[in-house]
Amino acid sequence: MTNAIKKIALLTLCIALIYGCGSFEKATTLNPSTNYFPAKKIKQPTTLKEIEVSRDSLRTFLLVVPSTDYFLQMGKNLNYFDTVMTYDQLQTAIVKEGLSDKVPSLSDKVGLKRAYDHYRKFVLLEPTKVQKPGDGWFAGLALYEPQRAEVIFQNEIWLNLMWDGWTDQGTMFPLFNSMLDYLREEKK
Numbered sequence: 023m024t025n026a027i028k029k030i031a032l033l034t035l036c037i038a039l040i041y042g043c044g045s046f047e048k049a050t051t052l053n054p055s056t057n058y059f060p061a062k063k064i065k066q067p068t069t070l071k072e073i074e075v076s077r078d079s080l081r082t083f084l085l086v087v088p089s090t091d092y093f094l095q096m097g098k099n100l101n102y103f104d105t106v107m108t109y110d111q112l113q114t115a116i117v118k119e120g121l122s123d124k125v126p127s128l129s130d131k132v133g134l135k136r137a138y139d140h141y142r143k144f145v146l147l148e149p150t151k152v153q154k155p156g157d158g159w160f161a162g163l164a165l166y167e168p169q170r171a172e173v174i175f176q177n178e179i180w181l182n183l184m185w186d187g188w189t190d191q192g193t194m195f196p197l198f199n200s201m202l203d204y205l206r207e208e209k210k
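With this note's numbering, the residue at position 129 of the sequence shown is 151, and numbering never jumps.
If you want it as structure tokens, here you go:
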């Protein structure tokens, strides 16, 4: 009987460890009752930079880097931008529009500005990760506007890799919720 109890206890512990930790890079939709992503409330992101810009210039087009399904879907799930594309999709669109001579590269600020001027106005969403001596690792999101050639929004959250790990609920969803607050507060 004690072996059966030990096996059940071990199985329960394994299930709790596997399923209780949270997801990683599994895009989800906004919670209809809160209009936010389902984030843990234990830790909140810090806003590092917030420049006021016109809401109309923000809403048209979001370029997500890196070109992953997760960031593409999360960009769409923000329910804010008219168009969301990956870097690869933007390159293809520029070629199809016959703009290769005007936008020969997207690898630097000059190329991004040319794409902004000749293709469409957009902002670029990029994840950040930095190790601060004595403080540990921080993850964040940055919105870059090619017209200004600067980051217009940046946030970060401390990564408690020992206990929380890097999960959607504890890391990415709070960052996206913080960015949603910024987007919703921008002037018309």
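Just so it is clear, CB atoms sit at the ideal spot from N, CA and C, and this is done for glycine as well.
Within the same chain, show all residues whose beta-carbon is closer than 8 Å to that of residue i, passing over the 5 residues directly before and after it, in chain order.
| i | result |
| --- | --- |
| Glu-172 | Ile-73, Tyr-166 |
| Leu-70 | Gly-162, Gln-176, Asn-177, Glu-178 |
| Gln-169 | Ser-79, Lys-135, Tyr-138, Lys-143 |
Do residue j and residue i come within 8 Å of each other at the CB atom, strictly closer than that value?
| i | j | result |
| --- | --- | --- |
| Glu-119 | Thr-150 | no |
| Arg-175 | Pro-60 | Per the sequence shown, residue 175 should be read as Phe rather than Arg. Against a cut-off of 8 Å, the Cβ pair of Pro-60 and Phe-175 comes out as no contact. |
For residue i, which residues from the same chain have a beta carbon less than 7 Å from its beta carbon, with the 5 sequence-adjacent residues on both sides left out?
| i | result |
| --- | --- |
| Pro-54 | none |
| Gln-95 | Ala-49 |
For residue i, is the classification buried or exposed, using 16 other Cβ atoms within 10 angstroms of its Cβ as the cut-off for buried?
| i | result |
| --- | --- |
| Arg-206 | exposed |
| Ser-122 | exposed |
| Arg-136 | buried |
| Asp-157 | exposed |
| Asp-190 | buried |
| Val-152 | exposed |
| Pro-155 | exposed |
Less than 7 Å separating the Cβ of residue i from some heavy atom of the ligand SAM?
| i | result |
| --- | --- |
| Tyr-204 | Looking for the ligand SAM in the displayed structure turns up nothing, as the structure carries no ligands at all. |
Measuring alpha carbon to alpha carbon, tell me which residue in the options is nearest residue i.
| i | options | result |
| --- | --- | --- |
| Ala-161 | Trp-180, Phe-83, Val-145, Lys-63 | Trp-180 |
| Tyr-138 | Thr-69, Met-96, Asp-203, Leu-80 | Leu-80 |
| Leu-100 | Phe-83, Leu-112, Ala-115 | Phe-83 |
| Asn-199 | Met-107, Tyr-109, Ala-164, Pro-88 | Ala-164 |
| Leu-147 | Asn-57, Gln-66, Thr-105 | Thr-105 |
| Trp-159 | Thr-193, Lys-63, Ser-127, Asp-130 | Thr-193 |
| Val-86 | Leu-112, Met-201, Leu-197, Lys-131 | Leu-112 |
Tell me the residue span of the alpha helix (DSSP H) that contains residue i.
| i | result |
| --- | --- |
| Asn-99 | 91-99 |
| Tyr-138 | 131-140 |
| Ile-116 | 109-118 |
| Glu-207 | 195-207 |
Residues in its own chain within less than 6 Å of residue i by CB, not counting five upstream and five downstream?
| i | result |
| --- | --- |
| Ile-116 | Val-125, Tyr-141 |
Could you spell out the range, first to last residue, of the beta strand (DSSP E) harbouring residue i?
| i | result |
| --- | --- |
| Phe-160 | 158-167 |
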